[in-house]
Structures are given as structure tokens and as C-alpha cells.
Amino acid sequence: MNEQPNLGELRAFAAILRHRSFRKAADELDVSPSTLSHIMRSLEAGLGVRLLHRTTRSLSPTEAGERLMARLQTVLRDLDGALAEATTFGDRPSGRLRINAGEAGARLLLTHVVPTFMERYPEVELDLVTDGRLVDIVAEGFDAGIRLGEAVPQDMIAVRFGGHARFVAVAAPRYLAGRTVPQTPDDLHHHACIRIRMPSGKPYRWEFERHGQEITIDVPGKLTLDHPGLIVRAAASGLGIAYVVEREAQPYLDRGDLTILLDEWCPPIPGLFLYYPGHRHVPPALRAFVDLLKAAI
1 MNEQPNLGEL
11 RAFAAILRHR
21 SFRKAADELD
31 VSPSTLSHIM
41 RSLEAGLGVR
51 LLHRTTRSLS
61 PTEAGERLMA
71 RLQTVLRDLD
81 GALAEATTFG
91 DRPSGRLRIN
101 AGEAGARLLL
111 THVVPTFMER
121 YPEVELDLVT
131 DGRLVDIVAE
141 GFDAGIRLGE
151 AVPQDMIAVR
161 FGGHARFVAV
171 AAPRYLAGRT
181 VPQTPDDLHH
191 HACIRIRMPS
201 GKPYRWEFER
211 HGQEITIDVP
221 GKLTLDHPGL
231 IVRAAASGLG
241 IAYVVEREAQ
251 PYLDRGDLTI
261 LLDEWCPPIP
271 GLFLYYPGHR
281 HVPPALRAFV
291 DLLKAAI
């Protein structure tokens, strides 16, 4: 090793690998991409080894970069925990609070929790990320995540909010006119369905249950979308049968623009949870957010 790197350089390197993007890492660190490139050149020069493979279209770690990142994640996590613990001696929560959430969870927070939280704790910078991916919140530097209960890792502390949720099959009266209404999930094979593309790129298989019998259907359809709001609109426009969270479709159901199909095959499931690691120190800002969440919802 030719030169000892500083903490800022190491944090920059970790952010680049988390995002696999100089631009997104620069946004997180509030610097320009050119500044971030200079920081990386300085780090690699100081260490005397290349850490990243970079092309115009891709970014990946070298073997040295992978090994450094594997050790660095634990070091930075422990350092952040120590710094957060030190802030407990202050009077009020402060610093950045990063939460990864789905769009539905973010909407609930923005309606019921965030306005009061920001008014009560102006020293906290709230970073609410809704990129749709099921991420490892620890590996990607989040303080907490928000997901449906079935998607929360078992080693996390989870706080439930928002009540039960239900996925339902819906269609517009104009689509159903002249067609046989499906009576079982298997009947969907004879209909035009609006398919759901997951963040991974794979199609989502619709899941149904009745009296303990579970059925998973890879539905047919010529239209595939990846946004719940667009899926509901497409169904309301008569383009096919959709499978969505009932809360998302409720305004259309209330107006009669959509109707629920296979109702008895769509039982409620545990709703949204805010979750965070149980083995780490809970930062004061997160503790304050959780307390407000419990009181508000």
C-alpha cells in the first residue's frame, strides 16, 4: 500500500458499488460525477491497485475491489453504528435517515407520518427511496425498509402499520361484456391478463388461495407493465384483467370502473411493516420515526 486512504474516499467507493453507477453515487454523496471520478482515481493511485472495471455502459469491481468491499461494508456499518450511538448524548435526533420503501408504503408515510416527523425533527434529513426493488437494507446502507410482511427477512425487527392488505383480480365492465366471468384461477388462461414485470425483469405469477388450497398462475397476456398505478388504469380502460393491491384499485371500484373477480380466492394477508436490523444500534432518528409511526398509524 502506497498511501493510506481517507474515510471520504472509502465511502465514495462503497457508494459507487452499491449503486453500480457513478451518477447515482454522486447524487447520494452530493458531489458531481467528475469529482467522484477524481476521488476514485486518487484512491486507486494511493492504493496502487485498480478497484473498478469501467466502460461507457457498465461498472463492476475488480477482484481487489470485491475483496475490499467485502471488508469495508462491515467496517462502515460498525462506524456508522458507533457514530449514531454517540449522537444519543445529544438533545435531539439529527443526521440522515434512509428508508427504502415500495410506492404504496411511501404514500402512507407521506400522508400520515412524514409531515409531522419533519416538523418535529428539522435537524433530520429524510431520504425515502422508492425504486421498487427488494433490497438488502444493510448491504445498501439503509436504516430501515418498508415491505409487505411476507417479504420482511426473519432476522429483522418489524413494526406493522396500515392494516391488512389484499391482492385482487379486477376487470372493467366493458372488458367483461360478452365474456365468461372467471370462476376459478385456472379460467384466467382463457382471458387477456395484464402481466406484471418484476424489477428483476421476470414476470410475476399471480397467487390465489381458498380453504388452504394455493394456486399460482403464470397468466397469459399481450400487455406487460411494471407500475401498479398504470396496471390499474389499463384494467379500467378495458384492456384486460389485472392483479393489484385492493387499496390501489379502490377509487376505481368505488366508481364502478372496475369490479373484483375471484373474490373468495383473494384472502387478506399481513400488510406493510417497517423493519430494521435487530443486531445494530438504533439511531435516534430512526427510533423517533418508529415511535411516531406507532402513534400515527
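The sequence shown begins at 1 in UniProt numbering and counts up by one. Just so it is clear, CB atoms sit at the ideal spot from N, CA and C, and this is done for glycine as well.
Among all the DSSP beta bridges, which residues are the ones paired with PRO203?
ARG197
Spatial distance of MET1 from GLU209 (CA atoms):
With a pLDDT of only 49 at MET1, under 50, the local geometry of the prediction cannot be trusted, and the value read off the model is given with reservation. Between the C-alpha atoms of MET1 and GLU209 there is a straight-line separation of about 59 Å.
Simplified DSSP state of GLN250, which is helix, strand or coil
helix
Which runs of the alpha helix (DSSP H) spanning at least 4 residues fall entirely within the segment 152–202, listed in chain order?
173–176
Give every residue of the same chain whose Cβ lies closer than 8 Å to the Cβ of LEU36, excluding the five residues on either side of it in the sequence, and list them in chain order.
ALA12, ILE16, PHE22, ALA25, ALA26, LEU29
For ARG92, does the three-state DSSP call read helix, strand or coil?
coil
My parser needs the beta strand (DSSP E) runs of 3 or more residues fully inside the segment 109–155; what are they?
124–129, 144–148
Give me the DSSP bridge partner(s) of ILE231.
DSSP output for ILE231 lists no bridge partner at all.
Quick one: give me the first and last residue of the alpha helix (DSSP H) that GLU44 is part of.
33–47
Does the separation of the CB atoms of ILE194 and LEU274 fall below 8 Å?
no
Using alpha carbons as the reference points, say which of ARG133, ASP257, GLU264 lies closest to LYS202.
ARG133
Residue 306 versus LEU272 - alpha carbon distance
Absent from the model: residue 306. The displayed extent of the chain is 1 to 297, so no value can be given.
Here's the rule I'm using: 16 or more other beta-carbon atoms within 10 Å means buried, otherwise exposed. How should GLU150 be labelled?
exposed
Strand pairing of VAL244, partner residues [DSSP]
VAL168
DSSP three-state label for HIS281, please.
HIS281: coil per DSSP, three-state reduction.
To the nearest angstrom, report how far apart PRO173 and HIS38 are at their CA atoms.
59 Å
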